[in-house]
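Chemist: If you count by the numbering used here, then the sequence shown holds residues 55 to 130, one letter each, in order. Glycine is no exception: its CB is placed at the ideal position from the N, C-alpha and C atoms. Keep in mind that this is a model prediction, so the values were computed, not measured.
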Amino acid sequence: MIVAFSVTPLGVGEEVGEYVADAVRVVRESGLPNRTDAMFTSIEGQWDEVMDVVKRAVAAVEARAPRVSVVLKADI
Numbered sequence: 055m056i057v058a059f060s061v062t063p064l065g066v067g068e069e070v071g072e073y074v075a076d077a078v079r080v081v082r083e084s085g086l087p088n089r090t091d092a093m094f095t096s097i098e099g100q101w102d103e104v105m106d107v108v109k110r111a112v113a114a115v116e117a118r119a120p121r122v123s124v125v126l127k128a129d130i
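(1) DSSP beta-bridge partners for V51?
(2) Do the CB positions of F59 and T90 come within less than 8 Å of each other?
(3) How far does the alpha helix (DSSP H) with R82 in it extend, from its first residue to its last?
(4) Work out the CA separation of A114 and Y73 for me, nearest whole Å.
(5) Within its chain, find whatever has a CB closer than 6 Å to the CB of V125; leave out the 5 residues flanking it on each side and keep chain order.
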């Protein structure tokens, strides 16, 4: 499957780059094929492993932000 997702911290002000970088770092360290562009980070693999990476990426942002918004598209 391929998942394209974006994670946005809420309640942290307008500068969100460092928070998003935390999420992207989790994806990069996963070892799964991935790509980041202006709108989404895409990751490819089996359902469970991809969703685990998405969950950990969201948790990385959630650890520093009071709320998190996630947009996710999947091609299965």
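Modeler: In short, the structure shows the following:
(1) Since the first residue of the chain shown is 55 and the last is 130, residue 51 is not available in this structure.
(2) To locate residue 59, count along the sequence shown from 1; it is residue 5. To locate residue 90, count along the sequence shown from 1; it is residue 36. Taking 8 Å as the Cβ cut-off, F59 and T90 do not qualify as a contacting pair.
(3) As a first step, residue 82 must be located in the sequence shown, where it is residue number 28. Element bounds for R82: G71 to S84.
(4) Counted from its first residue, the sequence shown places residue 73 at position 19. Counted from its first residue, the sequence shown places residue 114 at position 60. Rounded to whole angstroms, Y73 to A114 spans 8 Å at the Cα level.
(5) In the sequence shown, the residue the question calls residue 125 occupies position 71. Closer than 6 Å at the Cβ level, and outside the excluded window around V125, lie S60.
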